[in-house]
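What follows is a short report on a single structure.
Protein chains in written order, with this note's numbering: chain D, 1 to 229; chain Y, 230 to 800.
Take a look at the structure:
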């Protein structure tokens, strides 16, 4: 049995025991299995088991998750570059609170506070408010600097998670303009940018930097350590 | 518990598959010996698609890379960090010590920074220079041929600099500096601080057809899938397996508890716990080579008690575990307004900085005895978990409003992307007999093996050095119009907890006097001629450099000595 097969057995095995108890169907097993394998990122069997357990749990109610979605759209509004749903921000937040339980109380209490405040001020829950009403509430907690009260700390936490969730997503990375994580040959900062900042490799350096064209020639040196290939 | 005997008798059993153990495995098997290689963790191959971490995107992790199970994030190639499940350690009094363990084939070499610095002539003779600690019983000229061989076998970038205590080697071409590195150089040189291209064990040029060439993803910490960086698994153990023609047996998930001895007190193998069935086994071998990391090897020796070695094996001097020392470290970070509103391009580069500062001053003119080097980080990196936290806090430097939400988020995140530089000073501490690890009198790990207890304090030598590093970095930042994001204050000047730099060495130190040292100049136990230690344990002093290249060179030297001694039937 190769490693992938043995992991598969482990996943299915531990799923089977938990799902039989819950009386679930094999189709659902398949769905969860696919969900786990959406994330293939070199886990150890112990880590995989941990992920599996977390992906199998539900923390936020549908209503809470919907509030998170509305809130996330206010924090990072949709543009042509990308939006919160494309970035799977609500899914990320649902996962991270199970992964890091210290977020749970802060976020749940904060969501309750949002609805409480909107009911007091506008007679309806947060998601039913108009955008102007919603911003009216957020403005009270969005500009705290050092010492934060509970509501300000909540907003700061969810804002951090929304922004990090957006920019670490596929659309967010493109939006940001990150261009790496792909095979290439580094040959320095582009000339125009170098110039803008007042630097020059030629002027400031006496080194022979790597030659992209000779990188595949096997290195050889003379006895003094001078590279000759 | 019954110990299950393995019938096979090996020439050598090696404990640990990192830099020291990997090198010993390669040299000993290349010389025709039969070897058992013991590794406490699982098999690991960064090219295996189920284990590989390189070229992954943040969103391929459901937590976007957050370090919930790995201290340096989801994509960091270390199984285990300062905490390992079921393997605790204790601290004496108010000691704080963080002990890193990478339980996997290749050990820490899978994730390290690949900074590969030779020790220079002064680094072996510090006592002669400042009267502190001890000299090594060997000097640079003894190790130089092995450094040269390591350079050629493994590959290292660099440039000829002719700096006396930073000896040149056989270098591969350096990579051009990134933009923030050019700013660093500008600020540093204005402050009289030397800056040279980095010496990294990364292949900017091919050295053999067995390994690939760097494709500049900037993530050596993930262990390279084309073997273009040095990991002991991919560059030493796998080649050894290919060449050994069945003379190398790899035992993974095998946690060595002690070195076993025969009825005359002579080491004859090791006893280990197989993690898969939790049973105890014994490996028979003529020679035992410990390379389990400085503290783990000390632990094995101290736990190897017998009627012949009541104090633990190799410990008649009471020196095992003593003189434990890690590199010093401070972390600083600065915001550089000139790096705002950047045009983006692929700036991943190699998996570490392209430039660094070697120690450039004379300690005789300073109020602390040992030096440090400066590493830097920054640039247009991949956004991982944590990116965008306090997204516009840098507004405070312009008196602009901090906080808010909405369209400004995109604008301000992009405005500040790539505008900070991180500075890490990493220096030499003065080895001290009172800094040590020992066996905890009561506690055991989940395998039933007595655990370690640490006792460690920094001294004013290290504190003053940290203060100097902070001041230097402040000046460099000032020179390029930057702002420090914090100031390292307090009595320790931001000195990091010992163990945090993951360069701990010295626990089985080398010396010619058996009363004050554990191993001789060939890393051979004074008390047991057929037992060797080839990790960081034998270091007499650490230098202001990273230990890996010296571990590799010394392990090679020791391995040749073992071959020679076996031939002469001396061991």
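We put the beta carbon where it would ideally sit given N, CA and C, even for glycine.
Residue i vs residue j beta-carbon contact at 8 Å
i: residue 271 (chain Y); j: residue 674 (chain Y); result: no
i: residue 659 (chain Y); j: residue 599 (chain Y); result: yes
i: residue 447 (chain Y); j: residue 360 (chain Y); result: no
i: residue 398 (chain Y); j: residue 377 (chain Y); result: yes
i: residue 702 (chain Y); j: residue 561 (chain Y); result: yes
i: residue 710 (chain Y); j: residue 612 (chain Y); result: no
i: residue 514 (chain Y); j: residue 242 (chain Y); result: yes
i: residue 230 (chain D); j: residue 126 (chain D); result: Any question about residue 230 (chain D) goes unanswered here, given that chain D covers just 1 to 229.
i: residue 133 (chain D); j: residue 143 (chain D); result: no
i: residue 403 (chain Y); j: residue 207 (chain D); result: yes
i: residue 466 (chain Y); j: residue 257 (chain Y); result: no
i: residue 697 (chain Y); j: residue 595 (chain Y); result: yes
i: residue 517 (chain Y); j: residue 549 (chain Y); result: no
i: residue 344 (chain Y); j: residue 353 (chain Y); result: no
i: residue 217 (chain D); j: residue 738 (chain Y); result: no
i: residue 340 (chain Y); j: residue 305 (chain Y); result: yes
i: residue 496 (chain Y); j: residue 253 (chain Y); result: no
i: residue 770 (chain Y); j: residue 641 (chain Y); result: no
i: residue 225 (chain D); j: residue 400 (chain Y); result: yes
Residues bridged to residue i [DSSP beta-bridge criterion]
i: residue 753 (chain Y); result: Y:761
i: residue 425 (chain Y); result: Y:585
i: residue 349 (chain Y); result: Answer is none; residue 349 (chain Y) lacks a bridge partner.
i: residue 748 (chain Y); result: Y:739 and Y:754
i: residue 294 (chain Y); result: For residue 294 (chain Y), which the question treats as bridged, DSSP gives no partner whatsoever.
i: residue 722 (chain Y); result: Answer is none; residue 722 (chain Y) lacks a bridge partner.
Residue i - DSSP class collapsed to helix/strand/coil
i: residue 271 (chain Y); result: coil
i: residue 519 (chain Y); result: strand
i: residue 305 (chain Y); result: coil
i: residue 117 (chain D); result: helix
i: residue 178 (chain Y); result: A query on residue 178 (chain Y) cannot be resolved here, the shown segment of chain Y reaching from 230 to 800 and no further.
i: residue 286 (chain Y); result: coil
i: residue 23 (chain D); result: With a pLDDT of 39 at residue 23 (chain D), under the threshold of 50, the modelled position of this residue cannot be trusted, and the question is left open.
i: residue 45 (chain D); result: helix
i: residue 251 (chain Y); result: helix
i: residue 217 (chain D); result: coil
i: residue 734 (chain Y); result: strand
i: residue 76 (chain D); result: coil
i: residue 338 (chain Y); result: helix
i: residue 193 (chain D); result: helix
i: residue 402 (chain Y); result: coil
i: residue 668 (chain Y); result: strand
i: residue 705 (chain Y); result: helix
i: residue 786 (chain Y); result: helix
i: residue 158 (chain D); result: helix
i: residue 232 (chain Y); result: strand
Own chain residues within Cβ distance below 7 Å of residue i, not counting five before or after
i: residue 417 (chain Y); result: 424, 586 and 705
i: residue 503 (chain Y); result: 482, 483 and 510
i: residue 153 (chain D); result: 106
i: residue 13 (chain D); result: Because residue 13 (chain D) sits at a pLDDT of 45, beneath the cut-off of 50, its placement in the model cannot be relied upon, and the following sentence gives the value as read from the coordinates. Within the same chain, residue 13 (chain D) has no close Cβ partners at all.
i: residue 785 (chain Y); result: 252, 256, 375, 378 and 379
Residues near residue i in its chain [Cβ-Cβ closer than 6 Å; skip 5 each side]
i: residue 95 (chain D); result: none
i: residue 189 (chain Y); result: Because chain Y in this structure spans residues 230 to 800, residue 189 (chain Y) falls outside the shown range and cannot be described.
i: residue 432 (chain Y); result: 384, 442, 443 and 457
i: residue 327 (chain Y); result: 311, 726, 728 and 729
i: residue 293 (chain Y); result: 287 and 614
i: residue 787 (chain Y); result: 751, 752, 761 and 763
i: residue 290 (chain Y); result: 303
i: residue 668 (chain Y); result: 531 and 679
i: residue 324 (chain Y); result: 683, 684 and 685
i: residue 528 (chain Y); result: 681
i: residue 321 (chain Y); result: 682 and 684
Contacts around residue i, its chain only, beta-carbon distance under 8 Å, and the 5 residues preceding and following it disregarded
i: residue 24 (chain D); result: Any answer about residue 24 (chain D) is weak, because its pLDDT of 42 lies below 50 and its placement is not dependable; what the coordinates show is given next. Correct list: empty, nothing qualifies.
i: residue 280 (chain Y); result: 273 and 274
i: residue 81 (chain D); result: 171, 174 and 175
i: residue 537 (chain Y); result: 490, 493 and 494
i: residue 21 (chain D); result: With a pLDDT of 37 at residue 21 (chain D), under the threshold of 50, the modelled position of this residue cannot be trusted, and the question is left open.
i: residue 474 (chain Y); result: none
i: residue 405 (chain Y); result: 583
(request) At 4 residues or longer, and completely inside the region 423-509 of chain Y: list those alpha helix (DSSP H) runs for me, N to C. (result) Segments of the alpha helix (DSSP H) lying fully in the region 423-509 of chain Y: 467-473.
(message) Quick check for students: name the residue ranges of the alpha helix (DSSP H) that lie wholly in the region 620-649 of chain Y, counting only runs of 4 or more.
(response) For the region 620-649 of chain Y, whole alpha helix (DSSP H) runs of length 4 or above, ordered along the chain, are 636-645.
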